[in-house]
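Residue numbers (the numbering used here): 43 to 486. Don't be surprised by glycine CBs; every beta carbon is placed ideally from N, CA and C.
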Ligand SMILES: *[C@@H]1O[C@H](CO)[C@@H](O)[C@H](O)[C@H]1NC(C)=O
């Protein structure tokens, strides 16, 4: 039996449905692949140290300040004294945190102790503190580096750009260091020089293209160490090592090359630590060594999307001069999750706390400074929320601060904006009480 011939009307309906389906598909693709990245416009300035208001305008007129003047302006406004004067940032590409600090409650395996004895002993003697950092996918190098320096997670579009890296123009930490007159130097993965072509006083880019190369990529970095540790002009030294990632890509986590490679990284940490403890700093300046990885690796050493093995990355902080550093081992925070990822609210002692993004809080010995840092952080998040919820801070916010609304349990509050304003008022009241208490006890 022959099928019925398509009538004109049926054909039109079918065509229309097909076109509609295609448009829906295209929209899905566009919004999935090119996510709108919610970020604050422009470059942050002195306004970061002021409480955001309803009609926050982002004009800053610090343009004519000298770098040193800008630096001291920021220092004064932040009200937090700096604990360190110089930083070494060692980025070990692809090192899973599991290798150093184990998984869950399990400590790291014996073979890892043997592979990285010095770093393990620093950790066990509490001369260093380590965190699990959670890398947001996509976990390829370039978007991860951008996330680290800017606090904004990358989109999947960045993966396409990974091989054709352009200079990075968004607001980021390195530009801010440069703007306040820091000298920056970089030896290693040339992705950094591509992202920041004019920031570094001295650099030696190592090509990340030959994944088979596990020796020269790291040798080219370490060969600069001795001279640069003796130099005193720089403030931030970046050392991105690629070898561990390359070993993983060739032979997986259990490759025969892995243990010697980890030992090599351990020796670098040992050399930097011993050099600084022996020689100190001629000018009495304190130095911080930060060892991080941009992502982990799967059993086979590949990129594993958003699996635990792949996103479990490391952040270690080592105070290079002090014998008894002020660490707070009980504090664990996800360091690399970012401002605009998600805001997590929880309640402790009536004080609304925000999960801290990017700013580890371990070094400030005084609660006053910690609280100030939290305050600055909450202002930053509020500014970001203002972009999404126009009208935030414009309504009854200030009345709320004065009482009424803050007494309501926040679950009972209506929509998101009202809820957030309620939470914020609570935090402000708690903050004010706390400060008062601090003041009283310092008088007593
Ligand atoms: C390491 O440095 C040498 C000499 O400067 C250079 O020829 C070589 O290409 C570098 N290796 C990598 C992987 O960039």
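Just to confirm the assignment: which complete alpha helix (DSSP H) runs, minimum length 4, are found wholly within the segment 197-256? If we require 4 residues or more, the alpha helix (DSSP H) runs fully inside the segment 197-256 come out as 199-203, 215-221, 233-237.
Can you determine whether any heavy atom of ligand 1 sits closer than 7 Å to the C-beta of residue 217, and answer yes or no? no
I'd like the ranges of any beta strand (DSSP E) spanning at least 3 consecutive residues and lying wholly in the segment 99-146. 128-134
Can you tell me whether residue 270 sits near ligand 1, meaning its C-beta is under 7 Å from at least one heavy atom of the ligand? Checking the Cβ of residue 270 against ligand 1 gives no.
Measuring CA to CA, which of 458, 460, 424, 411 is closest to residue 480? 411
What separation, rounded to the nearest whole angstrom, lies between the Cα atoms of residue 300 and residue 216? Their Cα atoms are separated by approximately 31 Å.
Ligand 1 and residue 255: does the residue's C-beta get closer than 7 Å to at least one heavy atom of that ligand? yes
State buried or exposed for residue 283, treating a residue as buried only when at least 16 other CB atoms are found within 10 Å of its CB. Classified as buried, residue 283 has 16 or more neighbouring CB atoms from the shown chains inside 10 Å of its CB.
Cα-Cα, which of 364, 241, 143 is closest to residue 354? The residue with the shortest Cα to Cα distance from residue 354 is 143.
For residue 304 and residue 286, I'd like the C-alpha separation in whole angstroms. 7 Å
How many Å lie between residue 295 and residue 151 at the Cα? 13 Å
Span of the alpha helix (DSSP H) around residue 153: 152-157
Per DSSP, cross-strand counterpart(s) of residue 172: Residue 172 is bridged by DSSP to 358.
Decide if residue 227 is buried, meaning its Cβ has at least 16 other Cβ atoms within 10 Å, or exposed. Buried, because 16 or more other Cβ atoms sit within 10 Å of the Cβ of residue 227.
Determine the closest residue to residue 266 out of 246, 149, 73, with distance taken between C-alpha atoms. Of 246, 149, 73, the residue nearest in Cα terms is 246.
Could you tell me the alpha carbon to alpha carbon distance between residue 148 and residue 111, rounded to whole angstroms? In this structure, the straight-line span from the alpha carbon of residue 148 to that of residue 111 is close to 49 Å.
Boundaries of the alpha helix (DSSP H) in which residue 263 is found, first to last residue: 258-264
Distance, Cα to Cα, residue 297 vs residue 465? 50 Å
Report the three-state DSSP secondary structure of residue 282 (helix, strand or coil). strand
Run through DSSP, which three-state label would residue 332 get? strand
Determine, using beta-carbon pairs with one atom in the segment 80-92 and one in the segment 58-67, whether at least three such pairs fall under 8 Å. No: the two stretches stay apart, fewer than three of their Cβ pairs being nearer than 8 Å.
Closest Cα partner of residue 225 within the set 280, 253, 195: 280
So, is residue 273 buried or exposed, given that buried needs 16 or more other C-beta atoms within 10 angstroms? The Cβ neighbour count for residue 273, taken over all protein chains shown within 10 Å, is under 16; the residue is labelled exposed.
Can you check DSSP and say which residues form a bridge with residue 148? 145
For residue 263 versus residue 238, is the C-beta spacing smaller than 8 Å? Not a contact, by the Cβ cut-off of 8 Å.
Apply the 10 Å Cβ neighbour rule to residue 428 and answer buried if 16 or more other Cβ atoms are within range, or exposed otherwise. buried
Considering only the alpha carbon of each residue, which of 434, 477, 259 lies closest to residue 460? 434
Could you pull out every residue in the same chain whose Cβ sits closer than 8 Å to the Cβ of residue 336, ignoring the five residues on either side in sequence? Non-local C-beta neighbours of residue 336 in its own chain, meaning closer than 8 Å and more than five positions away in sequence, comprise 133, 135, 136, 177, 181, 183, 186, 187, 190, 355, ordered along the chain.
Residue 258 Cβ short of 7 Å to ligand 1 heavy atom set: yes
Hey, quick one: how far does the alpha helix (DSSP H) through residue 314 stretch, first residue to last? 300-321
Local Cβ density within 10 Å of residue 257, reported as buried at 16 or more and exposed below that: exposed
For residue 173 and residue 357, believed in contact at Cβ under 8 Å, the rounded distance: 5 Å
Between residue 347 and the rest of its own chain, which residues show a CB-CB distance below 7 Å, the 5 nearest in sequence each way excluded? Answer for residue 347: 179, listed in chain order.
Report the option in 472, 259, 214 whose CA atom is closest to the CA atom of residue 232. 259
Report yes if the CB atom of residue 415 is closer than 8 Å to the CB atom of residue 122, and no otherwise. Residue 122 is positioned such that its CB atom lies closer than 8 Å to that of residue 415.
Where residue 94 sits in the DSSP three-state scheme: coil
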